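Engineer: Next up is a structure, given as structure tokens.
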């Protein structure tokens with residue numbers, strides 16, 4: 001296949017692709033320490049069906065939720081980087097350099113109030129504060145096919 | 148990506164950095180082996196001009212899609228110049244690690260330190276020994 005012009009692609013490319021459209025990755029953005037409401041998965045939780053755990057999620061108003069962000073300057077965010085917002089601290093769960101957007105992108109759990117698109121935040125990347133802005137999902141939208 | 152090469156006019160540090168010593172100044176970069184191990188470099192985080200770097204100490208970061216790596220100073224001195232082109236085109240570190248992919252120029256504080264670095268033959272022996 002490579003002789004015919006195909007290029008090898010693996011986990012690295014899958015990770016940039018899924019993050020550009022804000023698909024969650026278990027182990028990064030989802031974990032046993034986060035409930036599905038925080039993770040933005042309320043649309044998957046039909047409380048009326050009475051599934052196991054539905055009681056615990058009813059009327060839950062999480063202090064933090066998962067939101068995407070984009071760097072407005074240099075740098076690449078990485079999992080575990082602390083985030084400073086006007087409303088308190090948050091944490092990056094996924095980060096990479098987006099080949100399509102050509103900037104650092106990621107997802108972070110941010111405190112209520114800092115989750116609105118347009119909120120200016122700072123990500124602490126190994127001691128350097130990098131400016132970023134909260135965005136709406138998805139970060140990348142495919143252009144409509146022409147014709 | 149260029150073929151593996153280790154120019155004879157450079158001095159090599161075991162952390163896969165090179166120095167081109169010219170009088171009391173030197174240019175630093177990472178070796179072909181280092182850029183190949185990293186994969187495509189997507190970000191170079193340089194030191195500021197005027198920073199003092201210390202032999203064997205980390206002075207910058209290079210970042211590929213998957214990983215971040217410290218860059219170690221092969222020699223001690225003061226940063227005189229940073230390769231600003233790498234901000235827009237960090238992939239030059241892959242394409243031309245000993246030329247357009249140079250990282251910083253430094254005024255050496257002790258040019259005798261260069262004697263402790265390896266020549267190209269010794270460095271390639273180190274690579275073959277698997278470290």
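Residue numbers (this note's numbering), protein chains in the order written: chain A, 1 to 147; chain B, 148 to 278. Even glycine gets a Cβ: it sits at the ideal position worked out from N, Cα and C. Here the structure is a predicted model, which is why all the values come from computation and not from measurement.
Chain A partners of residue 190 of chain B, CB-CB under 9 Å?
Structural biologist: Simply 74, 75, 76, 97, 104.
Engineer: Three-state secondary structure (DSSP) at residue 129 of chain A?
Structural biologist: Correct three-state label for residue 129 of chain A: strand.
Engineer: Would you please verify whether the beta carbon of residue 2 of chain A is less than 8 Å from any beta carbon of chain B?
Structural biologist: Answer no: the Cβ-Cβ gap between residue 2 of chain A and chain B never drops below 8 Å.
Engineer: Below 9 Å on C-beta distance, what does residue 85 of chain A contact in chain B?
Structural biologist: In chain order: nothing, as chain B lies at least about 23 Å away.
Engineer: Looking at the secondary structure, which residues open and close the beta strand (DSSP E) in which residue 217 of chain B lies?
Structural biologist: Per DSSP, residue 217 of chain B belongs to the beta strand (DSSP E) from 215-219.
Engineer: Per DSSP, what are the beta-bridge partners of residue 1 of chain A in this structure?
Structural biologist: In DSSP, residue 1 of chain A forms no bridge with anything.
Engineer: Counting only the same chain and skipping the five closest in sequence on each side, list residues whose C-beta sits under 6 Å from that of residue 256 of chain B.
Structural biologist: Excluding positions up to five away in sequence, the list reads 223, 224.
Engineer: Rounded to the nearest angstrom, what separates residue 118 of chain A and residue 110 of chain A at their Cα positions?
Structural biologist: About 13 Å.
Engineer: If the cut is a Cβ gap below 7 Å, which residues of chain B does residue 12 of chain A touch?
Structural biologist: Those are 212, 213, listed as they occur along chain B.
Engineer: In the DSSP assignment, find the beta strand (DSSP E) that holds residue 210 of chain B and state where it starts and stops.
Structural biologist: Counting along the chain, the beta strand (DSSP E) containing residue 210 of chain B begins and ends at 205-211.
Engineer: Give me the Cα-Cα distance between residue 205 of chain B and residue 61 of chain A, rounded to the nearest whole angstrom.
Structural biologist: Roughly 44 Å separates the two Cα atoms.
Engineer: Would you mind listing the alpha helix (DSSP H) stretches within the segment 50-81 of chain A that are 4+ residues and don't spill past its ends, in chain order?
Structural biologist: Correct list: 54-57.
Engineer: Quick one: measure Cβ to Cβ for residue 133 of chain A and residue 70 of chain A, integer angstroms, because I've assumed they're closer than 8 Å.
Structural biologist: 6 Å between Cβ atoms; contact.
Engineer: Identify the contact partners of residue 234 of chain B in chain A, using a Cβ-Cβ distance below 9 Å as the criterion.
Structural biologist: The answer, in chain order, is 74.
Engineer: Output the boundary residues of the alpha helix (DSSP H) element that contains residue 115 of chain A.
Structural biologist: That residue, residue 115 of chain A, is in no alpha helix (DSSP H); it is neither H nor E in DSSP.
Engineer: Report the three-state DSSP secondary structure of residue 37 of chain A (helix, strand or coil).
Structural biologist: Three-state DSSP puts residue 37 of chain A in coil, outside helix and strand.
Engineer: Whole angstroms is fine: what's the gap from residue 37 of chain A's alpha carbon to residue 143 of chain A's?
Structural biologist: Cα-Cα distance, rounded: 30 Å.
Engineer: Are residue 250 of chain B and residue 186 of chain B touching if we call contact CB-CB under 8 Å?
Structural biologist: Cβ distance not < 8 Å, so residue 250 of chain B and residue 186 of chain B don't count as in contact.
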